[in-house]
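Just so we're aligned, residue 1 is where the sequence shown starts under full-length UniProt numbering, counting upward by one. So the structure is just underneath, and the comments pick up after that.
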Amino acid sequence: MPNRISEEQIEEVRKSNDIVDVVGEYVQLKKQGRNYFGLCPFHGEKSPSFSVTQEKQIFHCFGCGKGGNVLTFIMEIEDFTFYEAIKLLADRSGIDLPEAALNNQTSVSEENQNVLSAYEWVTKLYHHLLRFTKDGKEGYQYFKDRGISDETIGAFQLGFAPNAKNFTSEFLEKKGFHQQVLVKSGLISLNQDNSVSDRFRGRVTIPIRNHLGKTVGFGARTITGQEPKYLNSSESELFQKGKLLYNFDLAKKHIRRQNEAVLFEGYMDVISAYQAGVKNAVATMGTSLTDFQAKLLRRYVDSVVLCYDADNAGTEATYKAALLLLRAGCIVKVANLRENTDPDSFIHEYGGEIFQEEVIRSSKTFMSFYMQYIKKDYNLRNEGDRIQYIEDVLKQLAMIDSSVEREYYMKELSNEYNISMDTLTEELNGHRRKSGIHKDKREENRYTNRVSGFQPSNQLLPAYHNAERKLLAHMLQNVSITDRVQQELGASFNVDDHKVIATHLYAFYEGNHQADISMFLEQLSDSRLKQLVTEIAMMPLIDNISDGEINDYIRVIRAEQSNMTDIKTLREQQKLAEQQNDPVKAAKIAMQIIELQKQLKHIN
């Protein structure tokens, strides 16, 4: 049927999108053994409990329990419907799907779809005006004067909004957009007399895209002397400054590749840096870094270089941003920008190569920056202030896990202030004891990041429960084991969820499917069951399990069924003894029940 997505097309899309590659676009993954680990994007954590297996094409978080295949991941991370997820993955791998099957299958409201469509039209319009019309010549010249090439103008879709009151609104109304939507989108402004006017008229425009590359707002700068000098789109459901990073859609692949992001304060800093070869560049939206943005960066990367203006305001903003990033678990560096310069003007004056070499690659550690930053709070000619300064630095040093790094900066203090290393070490260790750092080796260090293979804790489950889980784990990977279990046990598992999974698995293999956990997950409609199957599938297993071990699992499961039958019979006898006023007999039967239950717990 042309208007439906067939099972074959779904499988083609799924198999064309390796789960490690797709998840790696959202989470920094590090290989540990056969699996990949990273910080879970679905719940806050500092130690990696999120695992992806390439062999099975599934993911699972041992912390929050979420799991599934590549489609499940996209639906969860983007809050997408199934159709939106399949379309994103199909587009990603160049597979055409029947358009009719995708229509209206979206989680985005109709109004927001209209807003996104309006921004798409206006982005193209403003860019066309800038590049190819007389009306945009002034804007084009502005970017050329700032050293921006045509290629970069194209990459960022820079544009110009004509200095005409209703140019944009009339253009969009002809495209069928209602005035109410345009006001809500922030593309036009509603005046006090209820008339409307173009919000960005007479300004060069910089499209602000979300992580999927869709324009959700504009940053704009006047070139006609208007106030304010800079103007952003108004906040909306789609455009939230505290949750977006400028250029993140283009930079994220470079961020992953280099395992480092460079964070700027402004759009033009990013554009100039990108043109100069710093492709892993992002910026906040003219506001301070937020906790959300810091955690977003941490999910993708270990290290962040802060490259803010080298003036007093920029230094204060650098310190505040650094604390947020450290709290999120990032390694923080501070760009070595010359005093009273900004990144854009530095690149314009000295060129991209010098900027990369002298500013970015020569970045200072946070500790080096901190030692310099807090000097402003002390009069170091005064003995008391010097002592207090050293105490402050030692407290900060105590938070660093690396003994090499601690010793490096203590030697600096020792040489500069003529204090012995023994004294500094004793004082620093005192701070570490007070803060409890030396006691808790599990505490994630604020300045370093270690990804270790996360192992789920052994759940205290009855022996039969564990036997059923292990048996199902083998069945998920082996058709012949499943056939054998079907013959000997059928659906006679003791746990109801296990019965349902086994029944689905029998049907899956009877449909001539090979062992494919990711594909099997696609057959399940119950999200809770999907998570359980994923959890079971992630269990470590013996590669070549023997017939004897399979027999042991089946024996434990049957023994539970047999003992449960015996317990049920004894309970009926106990109830009868109580009805006959024979407490001694009832007590003896109760002891038999307890003994049987103990035996159940110790069956291997």
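Here a beta-carbon is modelled for each residue, glycine too, at the ideal position from N, C-alpha and C.
Item                                                                                                                                                                                 : Value
Report all residues from its chain with a CB closer than 6 Å to the CB of Arg209; omit the five preceding and five following residues, and keep chain order.                         : Thr215, Asp249
Taking C-beta to C-beta, are Gly65 and Lys530 nearer than 8 Å?                                                                                                                       : no
Can you tell which of Thr72, Phe80, Met539, Asn280 has the C-alpha that lies nearest to the C-alpha of Glu522?                                                                       : Thr72
Considering only C-alpha positions, which residue in the set Lys31, Asn512, Glu535 is nearest to His474?                                                                             : Glu535
Flag this pair as touching only if the region 48–66 and the region 18–31 have three or more C-beta atom pairs under 8 Å; answer yes or no.                                           : yes
Can you give me the start and stop residues for the alpha helix (DSSP H) that Gln275 sits inside?                                                                                    : 267–275
Go ahead and pull the three-state DSSP assignment for Asp198.                                                                                                                        : strand
In or out: Lys441 buried (at least 16 other Cβ within 10 Å) or exposed?                                                                                                              : At Lys441, the pLDDT of 42 sits below 50, so the modelled position is not reliable; the number obtained from the coordinates is stated separately. Exposed, because fewer than 16 other Cβ atoms sit within 10 Å of the Cβ of Lys441.
Thinking His254 and Lys295 are a contact (beta carbons under 8 Å), I'd like their distance in whole angstroms, please.                                                               : Incorrect: roughly 20 Å between the Cβ atoms, too far for contact.
Using only the alpha-carbon positions, how far apart do Asp18 and Asn478 sit?                                                                                                        : 22 Å
Nearest CA to the CA of Ser117: which residue from Glu173, Leu88, Lys144?                                                                                                            : Glu173
Can at least three beta-carbon pairs, one atom from the region 346–361 and one from the region 375–392, be found at a separation below 8 Å?                                          : no
For Asn232, count the other beta carbons within 10 Å of its own beta carbon; 16 or more makes it buried, fewer makes it exposed. Which is it?                                        : buried
Which one of Tyr409, His178, Phe160 has the shortest CA to CA distance from Arg201?                                                                                                  : Phe160
Taking 8 Å as the cut-off, does the region 183–195 touch the region 134–149 (at least 3 CB pairs, one atom from each stretch)?                                                       : no
Decide if Gly423 is buried, meaning its Cβ has at least 16 other Cβ atoms within 10 Å, or exposed.                                                                                   : Before going on, a small fix: residue 423 reads as Thr here, not Gly. Under this definition Thr423 is an exposed residue.
Nearest by alpha-carbon distance to Gly430: which of Met421, Ala398, Tyr119, Gln57 is it?                                                                                            : Ala398
Measuring CB atoms only, is the region 52–62 touching the region 77–96, in the sense that at least three cross pairs come out at less than 8 Å?                                      : no
Taking the alpha helix (DSSP H) that Gln477 belongs to, which residues open and close that run?                                                                                      : 463–477
The alpha helix (DSSP H) that contains His431, what's its start and end?                                                                                                             : 421–435
Given this structure, state the Cα-to-Cα distance separating Ile271 from Arg298, to the nearest angstrom.                                                                            : 22 Å
Would you check if the region 114–129 and the region 175–183 touch, i.e. whether three or more CB-CB distances between them fall below 8 Å?                                          : yes
Pick out the complete alpha helix (DSSP H) segments inside the UniProt domain "Toprim" (259–340), 4 residues or longer, and give them in chain order.                                : 267–275, 291–300, 312–328
When you compare the CB positions of His498 and Leu524, do they come within less than 8 Å of one another, or not?                                                                    : no
Reducing DSSP to helix, strand and coil, say where Asn445 ends up.                                                                                                                   : Below a pLDDT of 50, predicted positions are generally treated as unreliable, and Asn445, at 40, falls in that range; no measurement from the model is reported.
Could you name the residues of the same chain whose beta carbon sits closer than 8 Å to that of Ser414, not counting the 5 residues immediately before and after it, in chain order? : Ser420, Met421, Leu424
Work out the CA separation of Pro41 and Glu11 for me, nearest whole Å.                                                                                                               : 25 Å
Considering only the beta carbon of each residue, do Gly266 and Val204 sit closer than 8 Å?                                                                                          : no
Helix, strand or coil, according to DSSP, for Leu231 in the structure here?                                                                                                          : strand
Note down the Cα distance separating Ile387 from Gln356, rounded to an integer number of angstroms.                                                                                  : 37 Å
What number of angstroms, rounded off, separates the C-alpha of Gly217 from the C-alpha of Glu235?                                                                                   : 9 Å
So what does DSSP say about Pro583, is it helix, strand or coil?                                                                                                                     : helix
From the DSSP output, in three-state form, read off Phe62 for me.                                                                                                                    : coil
Within 10 Å of its beta-carbon, does Ser518 have 16 or more other beta-carbons around it, so buried, or fewer, so exposed?                                                           : buried
Quick one: residues in its chain with C-beta nearer than 6 Å to the C-beta of Tyr409, no 5 flanking neighbours on either side, listed in chain order?                                : Met367, Leu397
Across which residues does DSSP place Arg203 in a beta bridge pair?                                                                                                                  : Ala161, Thr222
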